[in-house]
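In our numbering, the protein residues as written are 126 to 324.
Structure (structure tokens):
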């Protein structure tokens with residue numbers, strides 16, 4: 126069975142978040158495990174990560190998460206995992222992190238651009254329909270040239286990339302979409318992309 130590793134760093138390795146992961150994934154045909162950087166549960170981080178089949182990164186504070194990853198060298202290990210064929214996935218902070226850039230919010234302050242790991246090209250903005258300030262902020266960042274062209278995703282929408290290219294879009298919610306964002310002249314072009322509804 127595939128080994129699925131949950132990485133809850135962005136939540137501060139919150140116990141409740143980890144428990145919900147196990148509750149959900151123990152019902153699936155896989156071997157679930159989590160990676161803790163706050164209470165390390167490994168002898169060798171590189172070996173621990175590279176022996177997994179899927180790395181699933183949770184949501185939370187992406188800025189803190191990336192700082193911790195860099196301190197532990199996990200950013201480089203994840204790049205190596207990707208090159209070896211390990212599936213990398215996640216939601217919210219765990220989806221932004223794979224891109225060159227992402228749109229994030231520090232508590233109640235204005236949204237801003239943040240540099241990600243750069244495994245996927247361009248920028249990314251999750252929660253596109255879940256938080257009213259996301260769309261105007263992403264448009265502004267792209268228009269001003271602060272953020273590259275990229276993809277936004279409504280809540281419940283997943284972007285499936287293969288070899289760096291968007292392969293498929295799926296959704297667990299009806300009427301949810303993804304969007305390709307780009308700049309044409311001095312205008313932002315937002316192209317609506319319809320996902321396959323999974324139910």
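By construction, the Cβ of each residue, glycine as well, lies at the ideal position given by its N, Cα and C atoms.
Hey, out of the options, whose CA is closest to residue i's CA?
i	options	result
residue 235	241, 262, 254, 252	262
residue 208	277, 239, 243, 279	243
residue 265	165, 315, 290, 282	315
residue 174	157, 185, 186	157
residue 324	299, 165, 287	299
residue 187	285, 278, 305, 134	134
residue 287	180, 191, 189, 213	213
residue 269	258, 238, 205	238
residue 260	289, 196, 317	317
residue 112	285, 291, 277, 290	Lying before the first or after the last residue shown, residue 112 is absent from the chain, which here runs from 126 to 324.
residue 253	143, 305, 154	305
residue 290	148, 245, 201	245
Is the beta carbon of residue j closer than 8 Å to that of residue i?
i	j	result
residue 215	residue 226	no
residue 282	residue 296	yes
residue 193	residue 162	yes
residue 137	residue 185	yes
residue 219	residue 267	no
residue 251	residue 217	yes
residue 191	residue 170	no
residue 249	residue 294	no
residue 247	residue 224	yes
Assuming residue i and residue j make a contact with CB atoms under 8 Å, what is their CB distance in whole Å?
i	j	result
residue 274	residue 310	About 13 Å; that fails the 8 Å criterion.
residue 301	residue 321	Between residue 321 and residue 301 the Cβ distance is about 11 Å, and since that is not below 8 Å, they are no contact.
residue 228	residue 168	Not a contact, Cβ separation roughly 37 Å.
residue 132	residue 180	6 Å
residue 364	residue 211	Residue 364 cannot be examined here, being either before or after the span of the chain that is shown, 126 to 324.
Under the three-state reduction of DSSP, which class applies to residue i: helix, strand or coil?
i	result
residue 181	strand
residue 322	strand
residue 145	helix
residue 153	coil
residue 245	strand
residue 263	helix
residue 308	strand
residue 193	helix
Please report whether the beta-carbon of residue i lies at a distance below 8 Å from any beta-carbon of chain C.
i	result
residue 147	The chain labelled as chain C is not found in the depicted structure, where only one protein chain is given.
ask   = Does the pairing of the region 158-169 with the region 128-138 give three or more beta-carbon distances under 8 Å?
value = yes
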